[in-house]
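In numbering that gives the first Met the number 0, the protein residues as written are 0 to 142.
Even for Gly, the Cβ is constructed at its ideal location relative to N, Cα and C.
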Amino acid sequence: MIETLLETRDLSRYFRLAGPWGRGPLLKAVDGVNFSIQAGETLGLVGESGCGKSTLGRLILALLAPTQGRVWFGGEEVTNLPKSRLKQMRRQMQIVFQDPYSSLNPRMMVRQILEEPYVIHRLGTKTERLAWVAELLNEVGLG
Ligand SMILES: Nc1ncnc2c1ncn2[C@@H]1O[C@H](COP(=O)(O)OP(=O)(O)O)[C@@H](O)[C@H]1O
Ligand SMILES: [Mg+2]
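Encoded structure:
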């Protein structure tokens with residue numbers, strides 16, 4: 000059986016830009032995007048800077064509300080989901096941000112940064128979390 004992991008329908012996000020005298024032009028950052036990804040499939044999205052890749056990612060994770068359109072993750076509609084359910088869902092879907100300067104807090108140790116998602120999602124005890132972090136560091140040769 001084919002399992003659809005992620006699906007978007009007519010997904011759009013427009014930004015109203017500020018003009019010199021108030022309301023400026025409407026910028027269509029994402030406009031009518033339709034796709035579906037099956038379990039085990041990988042989708043690459045390629046395009047020039049400013050074409051809307053990050054905005055699309057933020058719409059999928061409901062970090063940003065769409066102007067129009069809908070998103071389903073594991074058969075469940077993500078758009079208009081209650082906050083508590085959305086938080087549960089965020090254990091399963093995440094963005095890996097590419098810019099280390101805005102993603103990694105220089106005042107935190109690597110271990111703290113890696114532990115933080117477990118703390119936010121209330122997963123494991125302190126001892127378990129530190130063991131998971133050690134395992135992750137080992138996996139990439141930083142242990
Ligand atoms: N919050 C915002 N307000 C106004 N314009 C935005 C906002 N976020 C993104 N944009 C604009 O939307 C377009 C797409 O941006 P983005 O999704 O970051 O592109 P990419 O990730 O492909 O480089 C750009 O023109 C960007 O300036
Ligand atoms: Mg981007």
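For residue i, the nearest candidate out of the options (CA to CA)
i: Arg90; options: Phe72, Asn79, Ser48; result: Phe72
i: Thr78; options: Ile1, Leu10, Ile94; result: Leu10
i: Leu42; options: Gly56, Ser48, Trp20; result: Gly56
i: Met88; options: Gly74, Gln97, Phe96; result: Gly74
i: Val32; options: Leu44, Arg22, Pro24, Gly21; result: Leu44
Counted within 10 angstroms of its Cβ, other Cβ atoms place residue i as buried (16 or more) or exposed
i: Leu26; result: exposed
i: Ala61; result: buried
i: Val132; result: buried
i: Glu76; result: exposed
Other residues of its chain near residue i: CB distance less than 6 Å, five sequence neighbours each side excluded
i: Glu6; result: Ser35, Trp71
Chain-order list of residues whose beta-carbon lies under 8 Å from that of residue i (same chain, five-residue window excluded)
i: Val109; result: Leu136, Leu141
i: Ile112; result: Leu103, Asn104
Cutoff 7 Å; reference residue i; Cβ partners in own chain excluding five residues on either side
i: Val29; result: Leu10, Ser11, Arg12, Gly51, Thr54, Leu55, Leu58
Exercise for review: Tell me, please, whether the region 33-41 touches the region 92-106 by the rule of three or more beta-carbon pairs shorter than 8 Å.
Suggested key: no
Review point. Should the region 12-32 be regarded as contacting the region 65-84, the criterion being three or more beta carbon pairs within less than 8 Å?
Key: yes
Point to revise | Continuous alpha helix (DSSP H) assignments of at least 4 residues falling wholly in the region 55-90 | key: 82-88
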